[in-house]
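Residue numbers (numbering that gives the first Met the number 0): 0 to 395. Structure first, commentary second.
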Amino acid sequence: MLSAKTTLPTLLNILGAPSWMLGLLVPLRESGSLLPQALMSGWLITKNSRRLPWVISMLTQAFFIGIMIFVPLLVLPLFMDQASRRYAISIGLLVLVALTGLSLARAMTSLTMKDIQAGHLDKGKRGNVVGIASTAAGVLSLLFGAFTLLSGKMDEQVILIIAVLCVVAMLVSVLTLKNLETKVESKRGVGDNAAKEYLSAAKIKAYIATFSGQLGLFILVRSCFVHTALIAPFYIIWASSLSSQNGLITLSSFIIAQASASILSSYTWGTLSDHNAKLTMQLGALMVLLVCLATVFIIQFELAQSIHSIWFIVGYFLISVGHNGARSGRKIYALDVKEGADRTDFIGKANTSIGAVILFLGAFYATLTFSGNLILFLVIALGLSIGLLLSVFMKN
C-alpha cells in the first residue's frame with residue numbers, strides 16, 4: 000500500500016516537496032531493489048542459511064518505513080516551520096533516502112525469500128501460495144481504496160495508518176517465520192574469504208555465460224515484459240488528462256480496480272503458473288498488449304467521452320490482471336529454472352540486469368512523452384509484441 004506510484008507521490012504533494020522529486024520515486028523503488036542483487040547474491044551463495052538475512056532485511060524495511068513516514072509527519076513538524084521551503088525540501092530528501100534504504104533491504108528479501116519458498120514448497124505448489132498471498136494483499140488494498148473513495152481524499156492521517164499497518168505486518172511475519180530455517184548448499188564455503196574470492200573472481204566472461212541459452216532468453220523476455228508494469232503510470236496520467244471533469248476517474252477508483260484485479264486473478268494465475276509458467280507469462284503480457292492497442296483505438300477515433308471514462312477504469316483493471324499474470328509466471332519460472340546456490344546466483348544477476356533495463360526504459364519513456372501518448376503506447380505495444388515472439392522459443 001505504500002506505493003511509489005500512488006501513496007508516496009501523494010504524501011510529497013501534500014507536504015509541498017519539489018515536483019522534480021516525484022519522478023525519482025518509482026526508479027528508486029524498483030531499480031534500487033534489483034540492481035544490487037548480483038552483488039548480494041555473490042555474498043549470499045557463500046552462506047548456508049537464508050533465515051537470518053531475511054529477518055534482518057525485513058526489520059530493515061520496517062525501520063526505513065518508519066523513517067520515511069513517521070519522521071516527516073510526526074517529528075520534523077515539531078522542529079521546523081511546515082510552511083517553509085526548507086521543510087519541504089527536507090521531507091522530500093528524507094523520503095528519497097529512506098526509500099533507497101528500503102529498496103536495498105527489499106533486494107535481500109527478494110533473494111532470500113525465493114530460496115525459502117523453494118526450500119519449503121514443492122514444485123507445483125509454489126504458484127498457489129504466491130497467488131494466495133497476492134489475493135490477501137489485494138483485499139487490503141481494496142479496503143484502503145474504498146476508504147479513500149468514501150473519504151474523498153488521502154490525507155496525512157490515512158498515510159500514517161497505512162504505515163503502521165505495514166510495519167505491524169512485517170513484524171508479525173518476522174515473528175511467525177523466524178523459526179522457519181532454510182539451509183542451502185553453499186557454492187564456495189561460508190567464510191568471509193570465500194565471499195571475497197567469489198566477488199573478486201566475478202569475471203566478465205563468467206558473467207556473460209550466465210545469460211546464454213535458455214536463461215539468457217528468459218532474461219530478454221522478462222525485459223520486454225516489464226512493460227506490463229511501466230505502462231500503469233502513463234495510463235493513469237493519460238486517463239486523468241482526458242477525463243479530468245469526470246468524477247469516475249479518481250485515484251481511489253484506480254486503486255480499487257487494481258485491488259479487485261489482484262483478488263480475482265492472483266490465485267488463478269498462481270495455479271496456472273504451477274502447471275505452465277511460460278504460458279502464464281504469455282497470457283498476462285498478451286492481455287496488457289490488447290488493452291494498450293484498444294486504448295489507442297478508442298482515443299484515436301475520438302469515441303464518446305463516456306466511453307473514455309468507462310474504458311479507462313475497465314482497461315486499468317485488465318492491465319492489472321495481465322501484469323499479475325506476467326509477474327506470477329516469471330516468478331515461478333525463475334524458481335523452477337535453477338536449484339540451490341545456482342538459483343540464488345542466477346536470480347541475483349538477472350534482477351540486476353532488469354533493474355538496469357527499468358532505469359533505461361524509464362528515462363527513454365520520460366523523453367518519449369514529448370512525442371505524445373499515442374506514440375508512447377505504440378512503442379510499449381511493440382516492446383510487448385517482441386517479448387511475446389521471443390517467448391515462443393522458451394522451454395516450458
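We put the CB at the ideal spot given by N, CA and C, even for glycine.
- Ranked by how close their Cα comes to the Cα of residue 373, the residues 142, 236, 178 and 48 have 236 in first place.
- Here residue 48 carries a strand assignment [DSSP, helix/strand/coil].
- Between residue 345 and residue 260, the CB-CB gap reaches or exceeds 8 Å.
- Bounds of the alpha helix (DSSP H) holding residue 296 are 276 to 299.
- One thing to note: residue 224 has its Cβ within 8 Å of the Cβ of residue 284.
- Membership of residue 68 in any alpha helix (DSSP H) is not indicated, and neither H nor E is assigned to it by DSSP.
- No Cβ-Cβ contact shorter than 8 Å links residue 329 with residue 114.
- Inclusion of residue 69 and residue 162 in the CB contact set at 8 Å is warranted, their separation being smaller than that value.
- Boundaries of the alpha helix (DSSP H) harbouring residue 76: 75 to 78, taken from the DSSP string.
- Taking C-beta atoms under 8 Å as the contact rule, residue 131 and residue 14 fail to qualify, at a distance of about 36 Å.
- Nearest neighbour of residue 72 by Cα position, chosen from 356, 295 and 155, turns out to be 155.
- A distance of 8 Å or more separates the beta carbons of residue 227 and residue 371.
- In the structure shown, residue 83 adopts coil according to DSSP, grouped into three states.
- In the three-state reduction of the DSSP assignment, residue 392 falls in the coil class, being assigned neither a helical nor a strand state.
- Spanning the alpha carbons of residue 143 and residue 212 requires a straight line of approximately 44 Å.
- In this structure, the alpha-carbon of residue 307 lies about 11 Å from that of residue 295.
- In the three-state DSSP reduction, residue 348 falls in the helix class (H, G or I).
- Nearest Cα to residue 82 within the set 52, 16, 40 and 20: 16.
- In the three-state DSSP reduction, residue 374 falls in the helix class (H, G or I).
- In its chain, beyond the 5 residues on either side, 255, 258, 259 and 262 have a beta carbon closer than 7 Å to the beta carbon of residue 141.
- Shown here for residue 239: same chain residues with a beta carbon closer than 8 Å to its own, the five before and five after excluded, namely 248 in chain order.
- Between the alpha carbons of residue 274 and residue 146 lies a gap of roughly 37 Å.
- By the beta-carbon neighbour count (other beta carbons within 10 angstroms, threshold 16), residue 158 is buried.
- Contact check between the segment 373 to 382 and the segment 212 to 221: fewer than three CB pairs, one atom from each, fall below 8 Å, which does not count as touching.
- Cβ-Cβ separation between residue 60 and residue 101: approximately 5 Å, consistent with a contact (criterion under 8 Å).
- DSSP places residue 97 in the helix class (H, G or I) of the three-state scheme.
- Comparing alpha-carbon positions, the option among 37, 367 and 96 lying closest to residue 106 turns out to be 37.
- The three-state reading of DSSP puts residue 34 in coil, since its state is none of H, G, I, E or B.
- Taking each of 280, 368, 35 and 352 in turn and checking the Cα distance to residue 388, the smallest one comes out for 280.
- Under the three-state reduction of DSSP, residue 225 is assigned to coil, being neither helix nor strand.
- Per DSSP, reduced to three states, the secondary structure at residue 169 is helical.
- When secondary structure is reduced to three states using DSSP, residue 177 falls in the coil class, being assigned neither helix nor strand.
- Per DSSP, residue 248 lies in no alpha helix (DSSP H) segment and is marked neither H nor E.
- Straight-line measurement puts the Cα of residue 326 at about 14 Å from the Cα of residue 386.
- When the Cα atoms are used, residue 50 and residue 177 turn out to be separated by approximately 7 Å.
- In the assembly as shown, residue 356 is a buried residue. Its beta-carbon has 16 or more other beta-carbons within 10 Å.
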